[in-house]
Amino acid sequence: MRTSKMKAAYSNGYGSPAVLEIRQIDIPKVKENEVLIRVHAASATTADGMMRTGKPYFSRLFTGIRRPKNPIPGTGFAGEVIKTGTKVTEFETGDQVFGETTLGFSSNAEYLAIPETGVILPKPENLSYVEAATFCDGHLTSMNFLKEIANIQPGQKVLINGASGSLGTAAVQLARYFEAEVTAVTSTRNIGLVKALGADHVIDYTREDFTKSYERYDIIYDTIGKSSFTASKKVLSENGQYISPVLKPSILFHMLITSMFGTKKAKFAASGLKSDMELKTLLSEVIEIYQQGRLKTIIDRQFPLDKIRQAHAFIASGHKKGNVVINISF
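Residue numbering for the sequence shown follows the working numbering, beginning at 2 and increasing consecutively.
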């Protein structure tokens, strides 16, 4: 490296995309157990937007009370190892890698330091940097919710709300991989997309409310948190589960109540709170499914790092299909 500085997206507080700016900051110093990665592509997600706003407010107990503890957004990354710490044994300079920083954030920058024991894997040759950067958002999160939290089984009826987003497009494919019967809830313009991904049935939410259906579902995976356990309970099967990655007080309340009473359950979990080893194991399974040709990555738009505000504004509009990627150019 010829310089000790790098460009990074930086959040100077909580709020709208306007709180994001591009700064020149020091390149991270590599600890003895870390690798330094030149980031080629990084993810920008709905979760990043929630972290930027600091809402719901109780989430600030984890992210920082008055301002983000980790001011550089982004968790998913893909790039090249350019330096290794003295005790690193699993990676070498020149290795192409991808992964996720979990609660460390910081991937929306030109360089990133991460422990070799973190959520980092060699990038398959047939996986582009752009695709790889998104794997730990939609694919990994949906794998965790469907396989680990809901224990999805062949023949179950699964409804996916928000089926055209990052988590939703992954969930449709993964549910089909696990031989479930999939109903996708999406808008009119995305019906063709979710059908192409394998959905058995499609509900156009602009014309029909799935909570008023006569059908019963074993799993309702609300990827966008637009429904609720209360509204969805009536269309759950006797032992059905309502699962969602969107942190809201209501789901925490119903999670507590249904853990003690009734056969229909509400479940929430933060995938980023799982151990790095657990996430790496799940990510390896996701890659195996990808290598079988059973999992595609939908990329809606790509933005240069300098356009990070526009990327967040586009995500906040609620109209993205699949994933948004930040391209890091040098």
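Glycine included, C-beta positions come from ideal geometry on N, C-alpha and C. Keep in mind it's a predicted model, so treat the numbers as computed, not measured.
Status (buried if at least 16 other CB within 10 Å, exposed otherwise) for residue i
i    : result
D27  : exposed
K321 : buried
K281 : buried
K124 : buried
M144 : buried
Q174 : buried
T102 : buried
D210 : exposed
F136 : buried
P155 : exposed
I337 : With the chain covering 2 to 331 only, the question about residue 337 has no answer from this structure.
T207 : exposed
I316 : buried
N127 : exposed
I258 : exposed
S260 : exposed
F106 : buried
G193 : exposed
E132 : buried
Alpha helix (DSSP H) segment containing residue i, residue limits
i    : result
A172 : 167 to 178
P250 : 250 to 261
G193 : 192 to 197
Q311 : 309 to 317
A232 : 230 to 233
L141 : 141 to 144
Distance, residue j Cα to residue i Cα
i    : j    : result
Q157 : E91  : 40 Å
I329 : A43  : 8 Å
N240 : D223 : 17 Å
S245 : V89  : 37 Å
T57  : G294 : Here residue 57 is Pro; the residue named in the question, Thr, does not match the sequence. Rounded to the nearest angstrom, the two C-alpha atoms are 38 Å apart.
A72  : R217 : Sequence check: residue 72 is Pro here, not Ala. If I take the Cα positions, the gap works out to 44 Å.
K54  : G16  : Contrary to the premise, residue 54 reads as Thr rather than Lys in this sequence. Going by the C-alpha atoms only, they are around 5 Å apart.
F59  : P250 : 9 Å
N152 : I23  : 42 Å
E232 : S318 : First, the residue type needs correcting, since residue 232 is Ala and not Glu in the sequence shown. The straight-line gap from Cα to Cα measures roughly 24 Å.
E35  : I66  : 28 Å
T4   : L306 : 19 Å
E180 : N13  : 46 Å
G273 : Q242 : 21 Å
G95  : R39  : 10 Å
K8   : L284 : 29 Å
I204 : L237 : 16 Å
I327 : D49  : 12 Å
S229 : L104 : 26 Å
K234 : V20  : 39 Å
L413 : A172 : Outside the modelled stretch of the chain, which goes from 2 to 331, sits residue 413, for which no answer is possible.
I288 : H140 : 9 Å
V98  : G226 : 32 Å
K70  : T64  : 6 Å
Y178 : A110 : 34 Å
I121 : Y130 : 13 Å
P116 : G263 : 43 Å
I221 : V159 : 6 Å
M278 : G100 : 12 Å
N162 : V195 : 11 Å
Boundaries of the beta strand (DSSP E) in which residue i is found, first to last residue
i    : result
S276 : Taken as a continuous stretch (DSSP letters only), S276 belongs to no beta strand (DSSP E), as it is neither H nor E.
T187 : 182 to 187
A267 : 266 to 269
L21  : 21 to 27
P305 : 300 to 305
Y218 : 218 to 223
N328 : 324 to 328
K6   : 6 to 12
S245 : 237 to 245
H202 : 202 to 205
Q154 : Run containing Q154: none; DSSP gives neither H nor E here.
F99  : 97 to 101
V31  : Here V31 belongs to no beta strand (DSSP E), and DSSP marks it neither H nor E.
K88  : Where K88 is concerned, there is no enclosing beta strand (DSSP E), given that its DSSP letter is neither H nor E.
L296 : Counting along the chain, L296 falls outside any beta strand (DSSP E), and DSSP gives it neither H nor E.
K158 : 158 to 162
Chain C contact for residue i (CB, 7 Å cutoff)
i    : result
I329 : No chain C is present in this structure, which holds just one protein chain.
Exercise for the section: Could you pull out every unbroken beta strand (DSSP E) segment of at least 3 residues lying fully inside the region 105 to 135, listed in chain order? Expected result: Runs of the beta strand (DSSP E) inside the region 105 to 135: 112 to 116, 120 to 123.
Handout entry: Inter-stretch contact (C-beta, 8 Å, three-pair minimum) for the region 290 to 305 and the region 268 to 281
Key = Contact between the region 290 to 305 and the region 268 to 281 is absent, because fewer than three Cβ pairs lie under 8 Å.
Problem - Ordered list of alpha helix (DSSP H) runs contained in the region 42 to 84, each at least 4 residues - result: Listed in chain order, the complete alpha helix (DSSP H) runs (minimum 4 residues) inside the region 42 to 84 are 47 to 54, 61 to 64.
Practice task
Pair every Cβ in the region 161 to 170 with every Cβ in the region 72 to 79, then say whether three or more of these pairs are closer than 8 Å.
Solution key: They do not touch, by the three-pair rule.
Handout entry: At least 3 beta-carbon pairs within less than 8 Å: the region 203 to 214 vs the region 180 to 195
Key = Proximity of the region 203 to 214 to the region 180 to 195 meets the contact definition, three or more beta-carbon pairs being nearer than 8 Å.
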